[in-house]
Ligand SMILES: [Zn+2]
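Numbering (my numbering), first residue to last: 53 to 347.
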């Protein structure tokens, strides 16, 4: 984790390692293992105790794209924060129906500013949202409790506040509970199947336009691959050729390793809560391996 500065001031590639974490706000209720809100709060405290600072993902992307010097990052323990699928619980505090309230991701991030410092400017976390209103309405019933908790009305105020930025997690996630998805053969459950120009335009370009409109022009220039599935076409052809036109500058997968200076910008790995770690002690062990340069 600690970057070594070479005699000429450059940071050693081997030593630069930034874990980017991913949570899902629909995981709520119960203890750390079931509730990503509790896990996030606990993990942010662990990170603060260990001397980490948050790096905004757009800032990290500028470093990876060579637009910003990595030298100020030398000696820093840095962590990136992201949230997938864009449930209301990313931004809206949750009423439990019995007068209790659970705290949203946005509230946790805002409060954590008091005890977990940030490396630089920019949003503290990124919410990768599913664009299609029709898909979210159906998913709210198939995956949720049908409580209309998968809306987009909060995107604009959330993006404007600047704590939790809004970014693109595809048009419909090619989710396997949807009757029809934007894939030429209606192949569901795998984003690897988005491997043609037409499907990429439907899933990525249209989503970016919709999200940008709903956030009044504040959509971040980042993409999060559904299921963490990275097709060679998207990584090697579509994003390199069309990213500038789309206003997308980097894409995040769930590769389960730290980000390094030579990480490719169209396949930036993340660690997923519940997959790469499940408990508070798992999380500390994960940071141990990251800090030793092993992950
Ligand atoms: Zn997702």
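Every residue, glycine too, gets a C-beta built ideally from N, C-alpha and C.
This structure is a prediction, so every number in the text was calculated from the model and none was measured.
Cβ neighbours of residue i in the same chain (closer than 8 Å, five flanking residues each side left out)
| i | result |
| --- | --- |
| residue 285 | 246, 247, 248, 252 |
| residue 321 | 72, 304, 305, 306, 307, 308, 309, 310, 311, 315 |
Cα-Cα separation between residue i and residue j, rounded to whole angstroms
| i | j | result |
| --- | --- | --- |
| residue 137 | residue 195 | 12 Å |
| residue 112 | residue 165 | 19 Å |
| residue 235 | residue 258 | 13 Å |
| residue 161 | residue 176 | 7 Å |
| residue 60 | residue 122 | Low confidence applies here, because residue 60 scores a pLDDT of 47, under 50, leaving its location unreliable; read the following figure in that light. About 13 Å. |
| residue 67 | residue 310 | 11 Å |
| residue 340 | residue 306 | 19 Å |
| residue 65 | residue 102 | Only weak support exists for where residue 65 lies, its pLDDT of 49 falling under 50; the coordinates are left without a value. |
| residue 76 | residue 140 | 11 Å |
| residue 329 | residue 90 | 14 Å |
| residue 180 | residue 143 | 12 Å |
| residue 250 | residue 232 | 16 Å |
| residue 353 | residue 203 | An answer regarding residue 353 cannot be provided, because it is not within the stretch 53 to 347 covered by the chain. |
Neighbourhood of residue i by C-beta distance below 6 Å, restricted to the same chain and skipping five residues each side
| i | result |
| --- | --- |
| residue 208 | 267, 268 |
| residue 241 | 228 |
Proximal residues to residue i (C-beta, below 7 Å), its chain only, five neighbours per side dropped
| i | result |
| --- | --- |
| residue 186 | none |
| residue 295 | 301 |
| residue 106 | 131, 133, 168, 170, 171, 176 |
Cβ separation of residue i and residue j, assumed to be a contact under 8 Å, to the nearest whole Å
| i | j | result |
| --- | --- | --- |
| residue 244 | residue 281 | 5 Å |
| residue 84 | residue 94 | 6 Å |
| residue 345 | residue 69 | 6 Å |
| residue 178 | residue 109 | 5 Å |
Discussion item. Is it the case that the segment 213-225 contacts the segment 270-283, given that we only count it when at least three CB pairs across the two stretches are under 8 Å?
Written reply: yes
Discussion item. Just to confirm the assignment: which complete beta strand (DSSP E) runs, minimum length 3, are found wholly within the segment 110-172?
Written reply: 130-137
Worksheet entry | Length at least 4, wholly inside the segment 223-271: the alpha helix (DSSP H) runs in chain order | 249-252, 258-266
Fill in: Within the segment 293-340, ranges of the beta strand (DSSP E) (whole runs, at least 3 residues)
302-304
Worksheet item: In chain order, which alpha helix (DSSP H) runs of at least 4 residues are fully inside the segment 176-224?
Response: 185-194, 207-213
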